[in-house]
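Visitor:
Numbering (my numbering), first residue to last: 527 to 1077.
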């Protein structure tokens, strides 16, 4: 075997059987080796950001890493944004970067770059360049073990061309994963004391703590001991819908998040970070934990959150308390002129059982949560790192990980253009994905942020940077040009029909929803004033206003 063939067998033996690729010359021996391993599925993408985002979406749903294959430092650079999202979501990804042959590197050829330095931004826990064919598979096993550990992470293996083509490659068996630690007795006792103190307590759940067994235990404790349940603003994967516990997401806007947490005196983190504002704003706090609130950690991302919650259930005597579950509840299908809110309503009305929803709708998806909370059970994937362009690639990966589950991706028009090439891969692989593009011809969220940061009165040039008119994008034609069936509509009836057809017809579909901005005109002018007023309002009034703005 050459190095590439041995590496391919090592990956497949470890259960890594999907590779999202955008190869170049340095990776040709790896590409040729794909034919030597029938267990490996190779998925071509037309842009590296699609490959990395697809690997992220795959791992979120499969629970195990996929591989990427990227070309040198420039290819890695093109894929960085979605690797950033994977890192922030603690998602396991095996990132394979082809490099020049080791003896070619000193010549500083045109595509020579410092791959290791670039990779450490998104792969701080593991970056290694394989130095020989003999050590390659051992290096790969170390990378896989690192990616799969807790917390999950992006592990980057740099593959020089001569290491790949060199003879004498030897596959290596996978390593058994060590058992992650569980919260110790002292930690459990301290949290039990906090919960029994009589002061308001809340859980903030993330990562593993949001998967079903852990979520049920957290809901059981919440019901038994009057603890509030929150999850991160952008969860990696959240099971929700009828028959599952309802959980309140922390709001994106810091002022609204502060309202949610205002009365909390004990905040218990379970595989989650202490909440902070997404950005800094003049005159506003960046840390969202209220004054006088004690922060406790039940489980760090490196610990077993599910087992720690089981231990806490036992310590509180909550084992016989049933977890409150969301009752079935659906909105009716909308009518009239199409709006973003009506799209969300239609999704709630028509959502099939066991779907996967990918939410990168930005401001257009403000009502998605409330409209789908009682729909048939589904998984929600969100924009964990805030780098837009995740949604369509995530849909590729999720559909490959779960071929029997319908995938519905809700995407803003600006976000869609970052990785629009994903549509071609959807068509090539004939994946059951319904992509809904909200075309409001605006970077709407940035219009909101322009006011929130106090940048002053925006003039013609400033507003033009946030506007997508002239020309308005035509996603129906873009999709059809890449082989995806597409419909453009500005009526609720047209949208209902298009979504129903998409869900009942195999293969990928795109629905372009022509909608006005959700936050525009008077709403946008009033929003900064309302947010500034939040700290001075009575708690009940502030909470009601929060639910009105972001339910």
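For each residue, glycine too, the CB sits at the ideal point set by N, CA and C.
#1: Let me know the secondary structure DSSP gives residue 604 once reduced to three states.
#2: Measuring only the C-alpha atoms, how far is residue 801 from residue 733?
#3: Opposite residue 963 in the DSSP bridges: which residues?
#4: When the Cα of residue 1026 is compared with those of 716, 543, 877, which residue comes out closest?
#5: Just the Cα atoms here: how many angstroms apart are residue 896 and residue 929?
#6: Below 8 Å, how does it come out for the segment 1042-1051 and the segment 965-985: are there three or more Cβ pairs, yes or no?
#7: Let me know the secondary structure DSSP gives residue 543 once reduced to three states.
#8: Of the residues 632, 788, 804, which one's Cα is nearest the Cα of residue 818?
#9: What residues in its chain sit with their C-beta under 7 Å from that of residue 823, if we drop five residues either side in the sequence?
#10: With distances taken between CB atoms, is the gap from residue 918 to residue 953 smaller than 8 Å?
#11: What residues are listed by DSSP as bridge partners for residue 885?
#12: Expressed to the nearest angstrom, what Euclidean distance is found between the alpha-carbon atoms of residue 777 and residue 995?
#13: Do three or more CB pairs link the segment 585-600 to the segment 537-550 at distances below 8 Å?
#14: Looking at the structure shown, is residue 597 part of a helix, part of a strand, or coil, going by DSSP?
#15: Do residue 604 and residue 574 have their C-beta atoms closer together than 8 Å?
#16: Which class does residue 757 belong to by DSSP, given the choice of helix, strand or coil?
#17: Using CA coordinates, which residue listed in 1039, 976, 579 is at the minimum distance from residue 806?
#18: Would you be able to state if there are at least three C-beta pairs under 8 Å between the segment 899-907 and the segment 839-859?
#19: Skipping 5 residues on each side, what residues in its chain have a beta carbon closer than 7 Å to that of residue 1078?
#20: Under DSSP, the alpha helix (DSSP H) around residue 773 begins and ends at which residues?
#21: For residue 624, report the span of its beta strand (DSSP E) as first-last.
#22: In or out: residue 890 buried (at least 16 other Cβ within 10 Å) or exposed?
#23: Kindly list the residues whose CB is nearer than 6 Å to the CB of residue 1022, restricted to its own chain and excluding five residues on each side of it in sequence; keep chain order.
#24: Among 846, 966, 931, 941, which one has its Cα closest to the Cα of residue 914?
#25: By DSSP, does residue 729 sit in helix, in strand, or in coil?
#26: Between residue 635 and the rest of its own chain, which residues show a CB-CB distance below 7 Å, the 5 nearest in sequence each way excluded?
#27: Report, in whole angstroms, the separation of the C-beta atoms of residue 757 and residue 747, which I expect to be a contact under 8 Å.
#28: Counting pairs of beta carbons, one from the segment 532-542 and one from the segment 684-699, are three or more of them closer than 8 Å?
#29: Under 8 Å between the Cβ atoms of residue 744 and residue 731?
#30: Helix, strand or coil, according to DSSP, for residue 823 in the structure here?
#31: Specify, as a first and last residue, the run of the beta strand (DSSP E) that residue 1015 falls within.
#32: If distances are taken between C-alpha atoms only, which option among 909, 978, 550, 750 comes closest to residue 779?
#33: Thinking C-alpha only, which one of 1039, 784, 619, 965 is nearest residue 1072?
#34: Excluding the 5 residues preceding and the 5 following residue 863 in the sequence, name in chain order all residues of the same chain whose CB lies nearer than 8 Å to its CB.
#35: Just curious, the beta strand (DSSP E) that residue 683 is in, first and last residue?
#36: Residue 1002: buried (16+ other C-beta within 10 angstroms of its C-beta) or exposed?
Guide: In terms of the structure at hand:
#1: helix
#2: 14 Å
#3: 937, 1038
#4: 877
#5: 27 Å
#6: yes
#7: coil
#8: 788
#9: 795
#10: no
#11: 908, 936
#12: 29 Å
#13: yes
#14: strand
#15: yes
#16: strand
#17: 976
#18: yes
#19: With the chain running from 527 to 1077 in the structure shown, residue 1078 is simply not present.
#20: Neither: residue 773 is in no alpha helix (DSSP H) and is coded neither H nor E.
#21: 619-625
#22: buried
#23: 859, 872
#24: 941
#25: strand
#26: 626
#27: Actually they are not in contact, since the Cβ atoms of residue 757 and residue 747 sit about 14 Å apart, beyond 8 Å.
#28: yes
#29: yes
#30: strand
#31: 1011-1015
#32: 978
#33: 784
#34: 1016, 1017, 1018
#35: 680-686
#36: buried
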